[in-house]
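These notes are about the structure you will find just below.
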Amino acid sequence: MHENSFLDKQHRDGGERSVIDTVTDDQTALAAELDPLASEHARLAADAARLSKLVRQLGRVGDALDDLRNGGLLTTSQAATICDVTDQAIRDWIEEAASRGEPIAEKRTTWIVSTPRLLAYVEKRCGGFPARVKAQNRLREHWPKWSQAPELRTGAKERAAG
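To convert, note that position 91 of the sequence shown is 96 in the numbering used here; the numbers rise steadily by one, no gaps.
Rendered as structure tokens:
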């Protein structure tokens with residue numbers, strides 16, 4: 006209620022409520038009703054995003070070998086190349102992401118880096134969307150060379166024979 010408004014002062018003495026009081030009370034009541042809806046909307050939007058990600062994963066065809074062949078898995082050296090950082094920086098990112106409960110790689114004989122997780126990490130913690138796009142473009146640039154079997158690479162047979 007706006008106690009200092011001109012209409013309030015005019016109608017207070019006569020016991021009437023002003024148009025301003027009614028609108029303000031109605032707006033306050035409506036806003037109070039909308040607040041829970043807004044937070045529910047935010048929760049539903051987050052749930053929808055999470056579910057759409059799960060649906061994409063369910064519809065995925067292929068396995069780890071397909072991921073390896075298609076650039077879904079990288080070595081630390083490859084990850085460093087596409088992110089334009091050192092191998093040590095990638096290992097530091099792996100450790101930091103794991104400490105947050107958001108791993109981007111798995112250690113076997115060597116580190117195997119998940120490309121989608123690495124790109125998400127780069128976007129979230131290392132320069133935003135422009136850094137992610139830059140890394141994706143570098144991957145597109147280097148992947149044809151990296152994905153070719155070593156024996157098919159130009160000059161590999163000559164180097165092996167010589």
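Ideal placement from N, C-alpha and C gives every residue a C-beta, glycine not left out.
Simplified DSSP assignment, three categories, for residue i
i      : result
GLU111 : strand
VAL90  : coil
HIS7   : Any reading at HIS7 is ruled out, since the residue's pLDDT is 47, under 50, leaving its predicted position unreliable.
Residue i classed as buried or exposed, judged by whether at least 16 other C-beta atoms fall within 10 angstroms
i      : result
ASN9   : With a pLDDT of only 48 at ASN9, under the threshold of 50, the placement of this residue in the model should not be trusted; the figure read from the coordinates follows. ASN9 is exposed by the Cβ-count criterion.
LEU56  : exposed
ALA53  : exposed
VAL127 : buried
ALA69  : exposed
ALA93  : At residue 93 the sequence reads Gln, which differs from the Ala that was named. Counting Cβ neighbours within 10 Å, GLN93 comes out exposed, since fewer than 16 surround it.
LEU35  : exposed
GLY76  : buried
LEU39  : exposed
GLN83  : buried
ALA37  : exposed
ALA50  : exposed
Near the ligand SAH: residue i beta-carbon under 6 Å from a heavy atom
i      : result
HIS147 : With respect to small molecules bound, the structure shown includes none, and the ligand SAH cannot be examined in it.
Any chain C beta carbon closer than 7 Å to residue i
i     : result
ARG96 : Here chain C cannot be found, since the structure has a single protein chain.
Span of the alpha helix (DSSP H) around residue i
i      : result
ARG2   : An answer regarding residue 2 cannot be provided, because it is not within the stretch 6 to 167 covered by the chain.
THR120 : 120-130
GLN153 : Note, GLN153: premise wrong, no alpha helix (DSSP H); not H, not E.
_Cβ pair count under 8 Å reaching 3, the segment 78-89 against the segment 42-54_ = no
*Would you check if the segment 94-111 and the segment 119-139 touch, i.e. whether three or more CB-CB distances between them fall below 8 Å?*
yes
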